[in-house]
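What follows is a set of notes on a single structure, which appears directly below.
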Amino acid sequence: MLKNRHIQGWLQASPLTLILIGFLILPIITIVVVSFWQATEFSIIPGFSFENYEFLFGSPVTYKVFFATFKYAAITWAMTLAIGFTVAYYLAFHIQNQTTQIALFLLCTIPFWTSNIIRMISWIPFLGRNGIANSMLQSWGITDQPLEWLLYSDFSVILAFVHLYTLFMVVPIFNTMTRIDHSLIEAARDNGASGFQTLTHVILPLTKPGIMIGTIFVLTLVMGDFITVRFMSGSQKANVGRLISNDIALLQYPSAAATAVILLITVLIVIGILLRFVDIRKEL
Amino acid sequence: MSKMRYSRRAVLKGGAAAVAASALPAPMVWAQEIKDITLRQFGTGVSNLNDVANKVKEDLGFTLEMTALDSDSVTQRAATQPDSFDIADIEYWICKKVWPTGNLQAMDVSKIANYDKIVGIFKDGKLTPESVIAQGTAPHTVGFVEGEGSKTFAKEQTNWMTLIPTIYNADTLGIRPDLIGRPIESWTELLNPEFKGKASILDISSIGIMDMAMVCEAMGEIQYGDKGNMTREEIDKTMAIFTEAKKNGQFRAFWKTFDESVNLMASGEVVIQSMWSPAITAVKSRGIECVYQPLKEGYRSWGGGIGLSANLSGMALDAAYEYINWYLSGWVGGYLMRQGYYSAVPETSKEFMSENEWGYWFEGKPATDVITSPTGDVLAQAGETRDGGAFYDRMGHVACWNSVMDENQYMVRKWNEFIAS
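So this is what it looks like as structure tokens:
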């Protein structure tokens, strides 16, 4: 009987296991293997060589690009968290009526029904030298020259990131917040806590798992992105994703694979550290 | 027979073509089965035009499926997915990269009817007997192979051609004369601090490096042995000059696709940049002044051609040869020349152009009437002349051909660093 249940358990787990092996483990193994190969412009040569890694670690550009990737990730994270937390807090605690709550929440998601690229590219005419933002600022007399840094700069890249990914912060935080027992907040108030104290001592600790899930979403999305950086910086800035996409475009698959492996390891380390702080399983 | 497809779409298209009146009699009497042949062609947007596919259906009876991609994707596909195409419409420098993979088959010159009329550039490299052959991957250097299955390029004309030349052009910098307000005569202007934050270059390494080299050489900073085949030292020096300019904020953006280059120019973000001829036309058609500025150091030129997949055989291969002969017979040439490109066999194209069009596009004469594109957009008014003038003036001043270098991999890495720096 016991043995029977054992087999049953394995059988139940096997479809997912097979899918993960086929579509996650095998591709990653392939990437790792290819990262040790060599390439010319004509062909890919299987082999075992550290050349790709040597070049990667030997080039100062790699460090700069990784630094830029972390910079984008950190700033975007801080801003999406600030905005996401505020929006979620408002939805969860200030709106009492559940219907209104759901309606407003759906309202937040409406812009996300259009494509990522469209939402990103629509910033370009807005921020350009002769764009809407600049002509507005000049007609109001705030500036007398168009601001060049509005477009094709770190500013525009981060702006697009924040715009694209804030929802990924709102959703998990809102989800955790709605689960907070309102009697806990009443208890805090009864015990004389100010609004701010309730926020920092009750709500924030209880929202941590949601924040953590949102953080993982935002960090992985930003660190793996290349198209936003390419469009919003006018190809002038680079992050690791662009390094990989440039390599692929130029048929340098092994070198792209090596960069991808290093990026994967970096992201895993970051997530590993984050998970040390919060046990998100408790939430799930 | 994987090449024979009986799809509903093919049948529908066949019906549509049968309704359309044929301007030309079909050059051969075809068996009924030819109608069921579908050739899959892919290439860059410039010559992958639906109008061409429609005309093929009309004139030749079989179906041509077109896929347009950017040059990087074209190279990738030709090199890595040989089963995905029958006809590759690629540039000569891409051919140098792709030919050694064995994904393309050489063409029998004796089956090409208009071979003798093909412009000299693609045969012995000389436009006129006095011409000097430009640097870079000149088309004739990768245009022929030693024999039918050979993977090495021949030094002179042989009976086996790698690509049948289709279109080519001479590229230079595009400028916004209304925003610059003074004559531009040299490639050095791209790095002139006067245009700080208003210049752009294209982010396609193999072409971008050429534009860079044209600039560095014009500045007198670097003397290249061969701009199309630089040494590591030359690459380093070139990149250093441009990296410094980038750090100083010379460039507003880099562009990778045609529409990006059009938008940068039309919006006024950029006033001087590397550009392609139809992009100039696209900016002009928005009513914005834009000039394809001839420069004293000469042009950077490119040429494209169609190659046959190694998988083609039997009737599909016959259809492909028929297509090539049709391609060189003039209709496509006329169509493309009316967009500002050149046909490999200009004299056959002449029959498909009006005297005014031929004079404007090929001979560099002032237009006697309004010049319109094949799709009906007005490109020039009566009295205007083409930027750069006549065919022999433009193609006779080529300084360098788009190319792929021996140190390509090194250059690519340096390019990546340049973008990331």
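Note that the protein sequences, when read in sequence, are chains U and G.
Take the working numbering: the last position of the first sequence gets the number 284, and nothing is skipped along the way.
Take the working numbering: the last position of the second sequence gets the number 1421, and nothing is skipped along the way.
Backbone N, C-alpha and C define an ideal beta-carbon position, used for all residues, glycine too.
A quick note: this is a predicted structure, and the numbers were derived from the prediction, not measured.
inquiry  = For the structure I just gave you, are there three or more beta carbon pairs, one from the stretch 1176-1196 of chain G and one from the stretch 1130-1145 of chain G, closer than 8 Å?
reply    = no
Closer than 7 Å at the beta carbon, the chain G residues around S153/U: Locating residue 153/U in the first sequence gives position 153, where the first residue counts as 1. Chain G residues near S153/U: none, gap ~10 Å exceeds 7 Å.
Where K1256/G meets chain U, residues with beta-carbon distance less than 7 Å
Here residue 1256/G is taken as the residue at index 256 of the second sequence, counted from 1. The contacting residues are S235.
Inset, instruction - Quick one: grab the DSSP three-state call for Q277/U. - result: Here residue 277/U corresponds to residue number 277 of the first sequence, with the count starting at 1. Checking the sequence, you will find Phe at residue 277/U rather than Gln. Helix.
N-terminal and C-terminal residue of the alpha helix (DSSP H) that V1345/G is part of:
As a working mapping, residue 1345/G is identified with position 345 in the second sequence. No alpha helix (DSSP H) holds V1345/G; DSSP gives it neither H nor E.
>> So T1038/G and E1065/G are supposed to be a Cβ contact under 8 Å. How far apart are they, rounded?
In response: Here residue 1038/G refers to the residue found at position 38 when the second sequence is read from its first residue. Here residue 1065/G refers to the residue found at position 65 when the second sequence is read from its first residue. Going by Cβ atoms, the distance from T1038/G to E1065/G rounds to 6 Å, so yes, they are a contact pair.
(message) Let's see if you can read the secondary structure: which residues bound the alpha helix (DSSP H) around S1285/G?
(response) Working through the second sequence from its first residue, we reach residue 1285/G at position 285. No alpha helix (DSSP H) contains S1285/G, which DSSP labels as neither H nor E.
query = Under 8 Å Cβ-Cβ, which residues of chain U neighbour V1119/G?
reply = For this step, residue 1119/G is matched to residue 119 along the second sequence. The contacting residues do not exist; V1119/G stays about 28 Å from chain U at best.
Q: Mind checking who R1040/G pairs with in its DSSP beta bridge?
A: The residue you call residue 1040/G lines up with position 40 of the second sequence. BP columns for R1040/G point to E1065/G.
- [ ] In the DSSP assignment, find the beta strand (DSSP E) that holds W140/U and state where it starts and stops.
- [x] In the first sequence, counting from the first residue as 1, residue 140/U sits at position 140. Segment: none, W140/U is in no beta strand (DSSP E) and carries neither H nor E.
- Task: Would you give the residue range spanned by the beta strand (DSSP E) that F1254/G belongs to?
- Result: Mapped onto the second sequence, residue 1254/G falls at position 254. Segment F1251 to W1255, the beta strand (DSSP E) holding F1254/G.
### Query
Quick one: is I265/U buried, meaning 16 or more other Cβ sit within 10 Å of its Cβ, or exposed?
Mapped onto the first sequence, residue 265/U falls at position 265. Burial call: exposed.
Residues of the stretch 1189-1216 of chain G with Cβ closer than 9 Å to any Cβ of chain U, in chain order:
Cβ contacts with chain U come from G1197, K1198, S1200, D1203, I1204, S1205 and S1206.
*Using Cβ-Cβ distances below 9 Å, what residues of the stretch 1242-1276 of chain G are close to chain U?*
K1246, G1249, F1251, R1252, A1253, F1254, W1255, K1256, E1260, N1263, L1264, S1267, G1268 and E1269
Expected contact under 8 Å - CB spacing of R1252/G and G1197/G to nearest Å | Reading the second sequence from its first residue, position 252 is the one you call residue 1252/G. Reading the second sequence from its first residue, position 197 is the one you call residue 1197/G. Yes, they are in contact, since the Cβ atoms of R1252/G and G1197/G sit about 6 Å apart, within 8 Å.
*Can you tell me where the beta strand (DSSP E) with Y1299/G in it begins and where it stops?*
Taking the first residue of the second sequence as position 1, residue 1299/G is located at position 299. It spans Y1299 to S1309 - the beta strand (DSSP E) in which Y1299/G sits, taken as one unbroken run.
- In its own chain, which residues sit with a C-beta less than 7 Å from the C-beta of A160/U, not counting the 5 before and 5 after it? Indexing the first sequence from 1 puts residue 160/U at position 160. Only M120, W123, T228 and M232 meet the Cβ criterion.
How is Y1410/G classed by DSSP in three states: helix, strand or coil? One-based indexing of the second sequence puts residue 1410/G at position 410. Here Y1410/G sits in helix by DSSP.
Subject >> Three-state secondary structure assigned by DSSP to F226/U >> reply: Numbered from its first residue, the first sequence carries residue 226/U at position 226. Three-state result, F226/U: coil.
DSSP puts M1161/G in a beta bridge; with which residues? Here the question's residue 1161/G lines up with position 161 in the second sequence. According to DSSP, M1161/G bridges with M1107/G and F1144/G.
- Query: How many Å lie between W1160/G and D1108/G at the Cα?
  - Reply: Reading the second sequence from its first residue, position 160 is the one you call residue 1160/G. Reading the second sequence from its first residue, position 108 is the one you call residue 1108/G. Answer to the nearest angstrom: the Cα atoms are 5 Å apart.
Closest to A249/U by C-alpha separation, out of N1416/G, Y1335/G and T1063/G, would be which residue?
Translated into the one-based positions of the first sequence, residue 249/U becomes position 249. Nearest C-alpha to A249/U: N1416/G.
Self-check item: Closer than 8 Å to chain U by CB, V1412/G
Solution: Taking the second sequence and counting its residues from 1, one reaches residue 1412/G at position 412. So yes, V1412/G belongs to the interface.
query = Got a sec, what are the start and stop residues for the alpha helix (DSSP H) G195/U sits in?
reply = Within the first sequence, residue 195/U is the residue found at index 195, counting from 1. Start and end: G195 to T198.
- Query: Which of the residues in the stretch 1066-1078 of chain G, read from start to end, lie with their CB under 9 Å from any CB of chain U?
  - Reply: D1070, D1072, S1073, T1075 and Q1076
In three-state terms, what does DSSP make of F1352/G?
-> Taking the second sequence and counting its residues from 1, the one referred to as residue 1352/G is at position 352. Residue state, collapsed to three classes: coil.
- Item | Beta carbon of I1112/G nearer than 8 Å to that of A1344/G | As a working mapping, residue 1112/G is identified with position 112 in the second sequence. As a working mapping, residue 1344/G is identified with position 344 in the second sequence. Cβ distance not < 8 Å, so I1112/G and A1344/G don't count as in contact.
- Query: Would DSSP call V1098/G helix, strand or coil?
  - Reply: Locating residue 1098/G in the second sequence gives position 98, where the first residue counts as 1. V1098/G: helix per DSSP, three-state reduction.
Q | Where L251/U meets chain G, residues with beta-carbon distance less than 9 Å | A | As a working note, residue 251/U is residue 251 in the first sequence. Here the neighbours are D1072, T1075, Q1076, A1079, T1080, K1097 and V1412.
**Asked** Applying a beta-carbon distance threshold of less than 7 Å, which residues of chain U neighbour S1285/G?
**Response** By 1-based counting over the second sequence, the position of residue 1285/G is 285. Residues of chain U passing the Cβ test: none, with the nearest at roughly 18 Å.
If you draw a straight line from the alpha carbon of D1211/G to that of L104/U, how long is it in whole angstroms?
-> Reading the second sequence from its first residue, position 211 is the one you call residue 1211/G. Reading the first sequence from its first residue, position 104 is the one you call residue 104/U. Straight-line spacing of the CA atoms in D1211/G and L104/U works out to 53 Å.
Q. In chain order, which continuous runs of the alpha helix (DSSP H) of length 4 or greater are located wholly inside the stretch 172-217 of chain U?
A. 182-190 and 195-198
CA-to-CA distance, P125/U to S135/U, given in whole angstroms: The residue you call residue 135/U lines up with position 135 of the first sequence. The residue you call residue 125/U lines up with position 125 of the first sequence. Their Cα atoms are separated by approximately 11 Å.
| said: Let me confirm a value: P1139/G is counted as buried when at least 16 other C-beta atoms fall within 10 Å, else exposed. Which label applies? | reply: Here residue 1139/G refers to the residue found at position 139 of the second sequence. It counts as buried.
(request) With 8 Å as the threshold, decide whether the Cβ of E148/U is near any Cβ in chain G. (result) Position 148 of the first sequence holds residue 148/U. Chain G contact via Cβ: present.
So M1395/G and W1361/G are supposed to be a Cβ contact under 8 Å. How far apart are they, rounded? The count along the second sequence starts at 1 and reaches residue 1395/G at position 395. The count along the second sequence starts at 1 and reaches residue 1361/G at position 361. Not really, about 13 Å apart at Cβ, beyond 8 Å.
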